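In what follows, a single structure is set out as structure tokens and then discussed.
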Amino acid sequence: MNNVLTVENVCKNYGSYTALNNVSISVPKGSIFGLLGPNGAGKTSLIRIINQITLPDSGSVYLDGEILQPQHIQHIGYLPEERGLYKSMKVGEQALYLAQLKGMSKDEAKRKLKYWFEKFEITHWWDKKIQELSKGMAQKVQFIVTVMHSPKLLIFDEPFSGFDPINANLIKDEILNLRNEGASIIFSTHRMESVEEMCDYIALINKSNKILDGKLKDIKQQFKSNQFEVGLLSANKELLLNQIESQFTVEESKTNSFNEDFRLLVSLKNRETSKDLIKFLNNIAQITHFTEVIPSVNDIFLKSVASNN
Amino acid sequence: MGKLKLIIKREFLAKVKNKSFIVMTVLSPLMVVGLFSLIIFLNEKNAEEIRTIAFVDESQKFSEAFEDSNAVKYIDLTSLGIEEAREKTKEFYYGLLVIPKSDSLNDLSKGITFFSNDTPSLNVLSSIESKLEKKIRNLKIAELQIDVDKIKAIETKVTIAAENFSGEKSSKIGSVLRMAAGGGFGYLIFMFIIIYGTSVMRSVIEEKTSRIIEVIISSVKPFQLMMGKIIGNAMAGILQFIIWMVIGGILLFAITSYFGVGEVSTNSVQMAPEMVQQMQNSSNNDLQVVLQEIKNLPILTMFFSFIIYFLGGYLIYSSIYAAIGAAVDSETDTQQFMMPVLMPLVIAIYVGFSVIENPHGPIALGFSLFPLTSPIVMLMRIPFGVPWWQLITSIILLIFTFIGMVWFAAKIYRVGILMYGKKPSYKEIYKWLKY
Numbered sequence: 001m002n003n004v005l006t007v008e009n010v011c012k013n014y015g016s017y018t019a020l021n022n023v024s025i026s027v028p029k030g031s032i033f034g035l036l037g038p039n040g041a042g043k044t045s046l047i048r049i050i051n052q053i054t055l056p057d058s059g060s061v062y063l064d065g066e067i068l069q070p071q072h073i074q075h076i077g078y079l080p081e082e083r084g085l086y087k088s089m090k091v092g093e094q095a096l097y098l099a100q101l102k103g104m105s106k107d108e109a110k111r112k113l114k115y116w117f118e119k120f121e122i123t124h125w126w127d128k129k130i131q132e133l134s135k136g137m138a139q140k141v142q143f144i145v146t147v148m149h150s151p152k153l154l155i156f157d158e159p160f161s162g163f164d165p166i167n168a169n170l171i172k173d174e175i176l177n178l179r180n181e182g183a184s185i186i187f188s189t190h191r192m193e194s195v196e197e198m199c200d201y202i203a204l205i206n207k208s209n210k211i212l213d214g215k216l217k218d219i220k221q222q223f224k225s226n227q228f229e230v231g232l233l234s235a236n237k238e239l240l241l242n243q244i245e246s247q248f249t250v251e252e253s254k255t256n257s258f259n260e261d262f263r264l265l266v267s268l269k270n271r272e273t274s275k276d277l278i279k280f281l282n283n284i285a286q287i288t289h290f291t292e293v294i295p296s297v298n299d300i301f302l303k304s305v306a307s308n309n
Numbered sequence: 310m311g312k313l314k315l316i317i318k319r320e321f322l323a324k325v326k327n328k329s330f331i332v333m334t335v336l337s338p339l340m341v342v343g344l345f346s347l348i349i350f351l352n353e354k355n356a357e358e359i360r361t362i363a364f365v366d367e368s369q370k371f372s373e374a375f376e377d378s379n380a381v382k383y384i385d386l387t388s389l390g391i392e393e394a395r396e397k398t399k400e401f402y403y404g405l406l407v408i409p410k411s412d413s414l415n416d417l418s419k420g421i422t423f424f425s426n427d428t429p430s431l432n433v434l435s436s437i438e439s440k441l442e443k444k445i446r447n448l449k450i451a452e453l454q455i456d457v458d459k460i461k462a463i464e465t466k467v468t469i470a471a472e473n474f475s476g477e478k479s480s481k482i483g484s485v486l487r488m489a490a491g492g493g494f495g496y497l498i499f500m501f502i503i504i505y506g507t508s509v510m511r512s513v514i515e516e517k518t519s520r521i522i523e524v525i526i527s528s529v530k531p532f533q534l535m536m537g538k539i540i541g542n543a544m545a546g547i548l549q550f551i552i553w554m555v556i557g558g559i560l561l562f563a564i565t566s567y568f569g570v571g572e573v574s575t576n577s578v579q580m581a582p583e584m585v586q587q588m589q590n591s592s593n594n595d596l597q598v599v600l601q602e603i604k605n606l607p608i609l610t611m612f613f614s615f616i617i618y619f620l621g622g623y624l625i626y627s628s629i630y631a632a633i634g635a636a637v638d639s640e641t642d643t644q645q646f647m648m649p650v651l652m653p654l655v656i657a658i659y660v661g662f663s664v665i666e667n668p669h670g671p672i673a674l675g676f677s678l679f680p681l682t683s684p685i686v687m688l689m690r691i692p693f694g695v696p697w698w699q700l701i702t703s704i705i706l707l708i709f710t711f712i713g714m715v716w717f718a719a720k721i722y723r724v725g726i727l728m729y730g731k732k733p734s735y736k737e738i739y740k741w742l743k744y
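In order, the protein sequences belong to chains A and B.
Residue numbers for the first sequence follow the working numbering, beginning at 1 and rising by one.
Residue numbers for the second sequence follow the working numbering, beginning at 310 and rising by one.
As structure tokens, this is what we get:
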């Protein structure tokens with residue numbers, strides 16, 4: 001079994017409203033899986049079903065090959081987007097309570113908490129109440145509470161909200177660490193640059209339907225449009241442009257360069273290869289820059305959602 | 310099961326460690342007892358003040374009529390004459406009683422005047438009046454040459470001994486006591502249901518607004534969380550109740566023995582001999598009757614039914630409160646839903662206080678079987694004796710309603726705790742039931 005989580009044909013309706021329509025995803029072991037989609041697409045509904053907060057109307061969910069059961073909650077760690085802690089409870093007490101609810105024994109929970117509190121250098125917060133902490137500090141406690149029982153599957157919904165860049169980076173490193181230690185991670189966010197950086201796989205949900213999923217690399221490959229960004233040095237820009245346009249489709253690039261070169265986005269036609277383009281350009285001007293345009297997750301997101309709508 | 314225990318423990322500790330709980334628990338009995346002892350203290354103080362009343366008896370008939378008592382002393386100023394006596398009284402005494410000279414006893418009774426600096430107290434006046442009436446009555450008896458002993462022989466003091474058909478004695482004092490016990494217990498349940506029901510609701514709202522709810526229900530079932538909350542709060546309530554009873558009991562005992570409220574008979578020593586006799590008899594009798602009546606109360610039934618009806622009523626109402634808490638985002642939004650919940654409780658209290666007048670009528674029966682009012686109304690009836698079949702029927706109805714209500718509340722709770730934003734309408738809540 002290579003998938004830690006498999007969701008098969010899950011449907012969920014709230015009255016006459018359909019939140020999820022026949023959605024299937026597979027999260028491979030040891031991967032970071034980006035769950036993307038516009039607001040209200042159904043991501044939270046799916047996450048709640050995986051956490052057994054709600055039950056699907058039809059379809060099934062498997063954790064590590066077994067159909068999802070109540071005792072599986074101790075193998076899942078969930079950091080919801082709408083999160084918080086008991087304001088008037090002490091940090092340590094609260095973390096112990098939540099750990100015990102996840103099925104840990106008190107001693108084990110204490111040991112784990114000590115490890116994490118030392119790692120984040122927050123041991124002196126133990127006897128403070130949450131209301132005495134800042135939002136970012138409380139978020140750190142919340143992160144520890146999510147991961148302390150070493151779950152197989154971690155679900156982070158907007159994990160970086162409320163963190164300053166330094167702490168966001170700290171959390172990002174911890175998430176990558178957890179992945180390296182063998183945990184699988186579902187990562188739901190609207191910050192596309194972190195998806196770009198961290199995710200191995202993605203799935204895109206729009207209007208209750210899954211419209212795209214797979215390995216991020218493959219998806220990028222699939223969305224590639226054989227477009228290249230080139231930088232050229234030439235005395236007569238207009239002549240150069242005419243020459244290229246006679247052979248290829250050309251768009252002006254929005255990138256500003258440091259040199260005085262001429263930046264263009266050139267798309268290949270059916271049979272040509274990048275080799276042909278370089279050869280052609282090399283004959284008419286000095287090349288300062290040549291890269292293939294790889295679509296960003298952001299572009300893929302916008303394009304897919306737009307075409308789906 | 311282990312998780313439910315954890316939740317109960319947390320809810321219980323969160324409630325009990327709360328400052329307002331500690332303050333309420335310790336202060337309430339102190340306040341009640343403080344108030345009680347203040348009243349006793351003020352009464353004693355009032356009684357300690359000795360008033361001296363001067364009198365000028367021109368008729369020469371009343372000099373022996375005025376016996377000093379604890380609170381009032383009498384001084385005969387007849388020898389000084391009215392004018393001088395007035396001057397002296399103005400300066401030194403509480404008031405001056407002037408009895409004019411008259412031959413006819415009937416005329417005499419109309420000409421008596423009391424002068425004082427302030428408006429005289431009603432008690433003082435009526436005590437003087439009764440003394441005068443008694444004296445005039447005796448004088449008239451003498452005048453008419455009626456044998457005093459014969460008159461005494463006519464007088465009879467009647468005490469009706471009430472008894473029901475199964476032979477249990479009851480009395481007026483007894484029924485007052487039953488009314489007090491029933492009313493007190495019913496009111497206590499009413500208070501506890503509202504206080505702890507609201508506390509469950511607050512706790513649900515707190516979890517919703519602090520957004521911890523989603524973290525928790527990814528670990529436990531919403532039903533477990535709701536039940537844990539309800540049970541934890543109930544335990545805090547019972548603890549508070551026990552503490553109140555213990556502190557209140559100790560303080561009341563201490564205070565009553567300090568002020569000597571129990572020893573009524575010793576105060577009457579200085580009264581006229583025959584009155585003392587009478588007083589002692591009646592007060593001893595009353596005290597014995599009260600003690601006897603307290604023993605006659607179905608205390609064991611009352612105790613157990615208090616626990617059963619408190620738990621039953623509390624579970625029904627607190628699950629509704631939990632559902633309300635789950636449906637709204639803040640406490641200010643709860644008003645709309647609170648009204649229909651409070652209604653049956655308030656009706657129960659009103660009905661209950663009329664029920665203790667007629668504890669076995671059809672209204673009493675109906676409301677003590679209807680589960681939303683039975684915890685209060687039945688408890689008010691119990692001191693008067695309730696047939697077993699009625700008790701059992703009402704408890705069974707209570708249990709079924711409680712199961713149904715918890716099931717119903719859990720459905721709303723489950724959906725409500727994950728809904729943020731706008732306040733739902735009744736229609737939307739009805740839709741949640743079908744999710």
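Beta carbons: idealized from backbone N, C-alpha and C, even for Gly.
Note that the structure is a prediction, hence the values are computed from the model and not measured.
Requested in this report: Check whether the Cβ atoms of Trp116/A and Val91/A lie closer than 7 Å to each other.
Outcome: No, they are not a contact pair.
Query raised in the report: Just how far apart, CA to CA, sit Asp412/B and Glu367/B?
Result: 11 Å
Query raised in the report: Closest Cβ-Cβ distance between Asn39/A and chain B: below 7 Å?
Result: no
Query raised in the report: Is the CB of Val529/B under 7 Å away from at least one CB in chain A?
Result: yes
**Report entry** Residue interval of the alpha helix (DSSP H) (run including Ala462/B)
**Finding:** 457–463
Requested in this report: Assign Thr507/B to one of three DSSP states: helix, strand, or coil.
Outcome: helix
Requested in this report: Give a yes or no on whether 7 Å exceeds the smallest Cβ distance from Glu82/A to chain B.
Outcome: yes
Report task. Per DSSP, which residues does Cys11/A bridge with? Please list them. Result -> Answer is Ser58/A.
Report task. For Asn270/A, return the contacting residues in chain B, with the cut-off set at a CB-CB distance below 9 Å. Result -> Ordered by position in chain B, no residue passes the 9 Å Cβ test against Asn270/A, which lies about 52 Å from the chain.
**Report entry** Cutoff 7 Å: Gln100/A Cβ touching any chain B Cβ
**Finding:** yes
Query raised in the report: Quick one: is Tyr659/B buried, meaning 16 or more other Cβ sit within 10 Å of its Cβ, or exposed?
Result: exposed
Requested in this report: Would you kindly report the start and end of the unbroken beta strand (DSSP E) that includes Asn21/A?
Outcome: 17–28
Query raised in the report: In terms of alpha-carbon separation, which member of Pro165/A, Leu170/A, Ala109/A lies closest to Ser150/A?
Result: Ala109/A
Report task. Pull out every residue of the segment 511–530 of chain B whose Cβ sits closer than 9 Å to any Cβ of chain C, in chain order. Result -> Chain labels in this structure do not include chain C; the protein chains are A and B.
Query raised in the report: So with Cβ pairs under 7 Å, would you call Arg487/B a contact of chain A?
Result: no
Report task. Identify which residue in Lys207/A, Thr291/A, Asp218/A has its Cα closest to the Cα of Leu36/A. Result -> Between Leu36/A and the set Lys207/A, Thr291/A, Asp218/A, the nearest pair of CA atoms involves Lys207/A.
Query - Beta-carbon neighbours of Tyr746/B, restricted to chain A and to distances below 9 Å - result: Outside the shown range of chain B, which is 310 to 744, sits residue 746/B, and nothing can be said about it.
Report task. Indicate, with yes or no, if the ligand MG has a heavy atom lying under 6 Å from the CB of Ala41/A. Result -> Of the ligands one can find in the structure shown there are none, so the ligand MG has no counterpart to examine.
Query - Of the residues Ser253/A, Lys269/A, Asn270/A, Leu268/A, the one placed nearest Phe262/A, counting alpha carbons only - result: Ser253/A
Query raised in the report: Where in the segment 49–111 of chain A do unbroken runs of the beta strand (DSSP E), each at least 3 residues long, occur, reported from the N-terminal end onward?
Result: 58–63, 76–79
Report task. Can you pull the chain A residues whose beta carbon is under 8 Å from the beta carbon of Leu315/B, in chain order? Result -> Tyr97, Gln100, Leu101
Query raised in the report: Checking contacts by CB at 7 Å: is Tyr86/A closer than that to chain B?
Result: yes
**Report entry** Per DSSP, cross-strand counterpart(s) of Lys215/A
**Finding:** Tyr201/A
Query raised in the report: Taking buried to mean at least 16 other C-beta atoms within 10 Å of its own C-beta, is Met104/A buried or exposed?
Result: buried
**Report entry** First and last residue of the uninterrupted alpha helix (DSSP H) at Phe676/B
**Finding:** Start and end: 671–678.
Query raised in the report: Residues in the segment 57–84 of chain A with C-beta within 9 Å of chain B's C-beta atoms, listed in sequence order?
Result: Pro70, Ile73, Gln74, Ile76, Gly77, Tyr78, Leu79, Pro80, Glu81, Glu82, Arg83, Gly84
Requested in this report: Could you tell me which chain A residues have their CB closer than 9 Å to the CB of Lys740/B, listed as they occur along the chain?
Outcome: Tyr14, Gly15
Requested in this report: Within the same chain, show all residues whose beta-carbon is closer than 8 Å to that of Glu8/A, passing over the 5 residues directly before and after it, in chain order.
Outcome: Answer for Glu8/A: Ser24, Gly59, Ser60, Val61, Tyr62, listed in chain order.
Query - Any C-beta of chain B under 7 Å from that of Ile326/A - result: An answer regarding residue 326/A cannot be provided, because it is not within the stretch 1 to 309 covered by chain A.
**Report entry** Residues bridged to Ala363/B (per DSSP)
**Finding:** Ile384/B, Leu405/B
**Report entry** Coarse secondary structure for Phe262/A, derived from DSSP in three states
**Finding:** strand
Report task. Compare the beta carbon distance of Tyr623/B and Ala543/B with 7 Å and say whether it is the shorter of the two. Result -> yes
Report task. List the endpoints of the continuous beta strand (DSSP E) containing Asp157/A. Result -> 153–157
Query raised in the report: So, using beta-carbon positions, are Gly40/A and Lys740/B closer together than 7 Å?
Result: no
Query raised in the report: By Cβ distance below 7 Å, which residues in the same chain neighbour Ser418/B in space, the five residues on each side in sequence not counted?
Result: Same-chain partners within the cutoff: Ile445.
Query raised in the report: Which one or two residues does DSSP pair with Asn3/A in a beta bridge?
Result: Pro28/A
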